Amino acid sequence: MAGSAQVPTLVYLVTGGCGFLGEHIVRMLLEREPRLRELRVFDLHLSSWLEELKTGTQNVIEACMRTGTQFLVYTSSMEVVGPNVKGHPFYRGDEDTPYEAVHRHPYPCSKALAERLVLEANGRKVSGGLPLVTCALRPTGIYGEGHQVMRDFYNQGLRFGGRLFRAIPASVEHGRVYVGNVAWMHVLVARELEQRAALMGGQVYFCYDKSPYKSYEDFNMEFLGPCGLRLIGTHPLLPYWLLVLLATLNALLQWLLRPLVLYTPLLNPYTLAMANTTFTVSTNKAQRHFGYKPLFSWEESKARTIHWVQALEASAR
87 MAGSAQVPTL VYLVTGGCGF LGEHIVRMLL EREPRLRELR VFDLHLSSWL EELKTGTQNV
147 IEACMRTGTQ FLVYTSSMEV VGPNVKGHPF YRGDEDTPYE AVHRHPYPCS KALAERLVLE
207 ANGRKVSGGL PLVTCALRPT GIYGEGHQVM RDFYNQGLRF GGRLFRAIPA SVEHGRVYVG
267 NVAWMHVLVA RELEQRAALM GGQVYFCYDK SPYKSYEDFN MEFLGPCGLR LIGTHPLLPY
327 WLLVLLATLN ALLQWLLRPL VLYTPLLNPY TLAMANTTFT VSTNKAQRHF GYKPLFSWEE
387 SKARTIHWVQ ALEASAR
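Following this note's numbering, the numbering of the sequence shown begins with 87 at its first residue and continues without gaps.
Take a look at the structure:
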């Protein structure tokens with residue numbers, strides 16, 4: 087997302103503005119940025135993450151250089167940090183918590199590379215001689231209206247007669263954040279970058295709110311439960327060694343098929359390590375640096391998400 091704050095009215099470009107988070111950012115700008123004069127949305131589907139995201143990020147930075155655009159906010163991810171493939175927990179960490187980031191899967195690799203490019207561009211001179219000010223936001227697991235994974239879990243539950251089967255230990259906690267609060271943080275960062283460039287330029291911020299820490303499945307049941315689904319089992323129904331075996335076989339099959347077809351299994355060593363590794367964030371850096379407070383409470387975030395799932399339920403009848 088890039089904008090110029092040299093004039094009283096602002097022009098914003100939102101890349102990925104037709105995606106899950108992007109749509110909420112667009113809506114938030116329209117509703118809560120009074121200085122907005124023009125909003126441009128650019129969307130591109132990437133079938134291969136690493137090279138396209140690297141080149142695309144470089145192109146955005148170069149476009150800022152040539153057009154004199156001073157402010158660039160990059161949507162990164164907690165996965166730039168972890169969970170890593172070694173299964174090391176990240177418990178109530180913040181932006182400065184030491185952690186061994188091991189990137190093997192294309193998604194975190196591409197996000198880490200693009201984030202580094204954006205942060206390294208901070209301070210470069212744009213056309214006209216002013217410095218480019220950049221920062222990166224790292225959402226934890228985003229949920230809310232329009233979340234495709236939540237939709238998939240709901241549809242899966244319907245196929246199994248209103249039941250979902252536990253695959254992750256309840257003791258594994260994940261940090262989650264409501265999409266409306268992530269969108270609000272983007273708008274607030276873009277608004278404050280001009281006045282707080284020395285403090286915010288080149289910085290990274292986790293996106294957070296008051297959503298509770300729970301296992302991925304137990305958290306999803308906060309929304310799916312009121313819509314008639316049940317989570318079966320107090321412990322995972324498949325042993326972990328079997329999941330490791332299946333994930334390894336999927337990775338091998340992906341390697342064998344690579345010359346012929348793009349095979350992207352949901353279960354692989356990376357996603358298995360993520361799902362079974364605690365990763366929770368506890369930080370107030372965004373509040374200290376630019377006054378961020380969640381726009382939506384946990385109760386409101388939950389109610390809005392349940393209402394969306396109930397609309398899915400009605401459309402499925």
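Even glycine gets a Cβ: it sits at the ideal position worked out from N, Cα and C. Being a predicted model, the structure only gives us computed values, none of them experimental.
Nearest to residue 365 by CA position, among 211, 294, 288 and 116, is which residue? The shortest Cα separation from residue 365 among 211, 294, 288 and 116 belongs to 294.
How is residue 353 classed by DSSP in three states: helix, strand or coil? coil
Coil, strand or helix - residue 156 by DSSP: coil
Euclidean distance between Cα positions of residue 281 and residue 323: 53 Å
Mind checking residue 219: buried by the 16 CB within 10 Å criterion, or exposed? buried
Taking contact to mean at least 3 C-beta pairs separated by less than 8 Å, is the segment 250–258 in contact with the segment 92–108? no
Taking the alpha-carbon of residue 398 as reference, which of 243, 213, 363 and 224 has the nearest alpha-carbon? 243
Taking 8 Å as the cut-off, decide whether the C-beta atoms of residue 306 and residue 236 are in contact. yes
Given a cut-off of 8 Å on the beta-carbon distance, is the pair residue 119 and residue 275 in contact? no
Which residue wins for smallest C-alpha separation from residue 263, given the options 217, 231, 256 and 289? Ranking 217, 231, 256 and 289 by Cα distance to residue 263 puts 231 first.
What separation, rounded to the nearest whole angstrom, lies between the Cα atoms of residue 166 and residue 201? 8 Å
Which term fits residue 211, buried or exposed, when burial requires 16 or more other beta carbons within 10 angstroms of its beta carbon? exposed
Using only CA atoms, which one of 373, 214, 351 and 175 lies nearest to residue 359? 175
Burial state of residue 246 (16 or more Cβ within 10 Å): exposed
Contact between the segment 342–358 and the segment 148–160: three or more CB pairs below 8 Å? Too few Cβ pairs lie closer than 8 Å, so no.
On the CB-based measure, 16 or more other CB atoms within 10 Å of its CB, does residue 268 come out buried or exposed? Buried, because 16 or more other Cβ atoms sit within 10 Å of the Cβ of residue 268.
Take residue 388 and list the residues in its own chain whose beta-carbon comes closer than 8 Å to its own, dropping the five residues that flank it on each side. 308 and 309
Residue 276 - DSSP class collapsed to helix/strand/coil: Three-state DSSP puts residue 276 in a helix.
So what's residue 240 in DSSP terms, helix, strand or just coil? helix
List the endpoints of the continuous alpha helix (DSSP H) containing residue 111. Residues 106–118.
Among 344, 290, 326 and 363, which has the Cα closest to the Cα of residue 302? 363
Return the CA-CA distance between residue 164 and residue 181, expressed in angstroms with no decimal places. 10 Å
Tell me the DSSP bridge mates of residue 264? Paired residue(s): 229.
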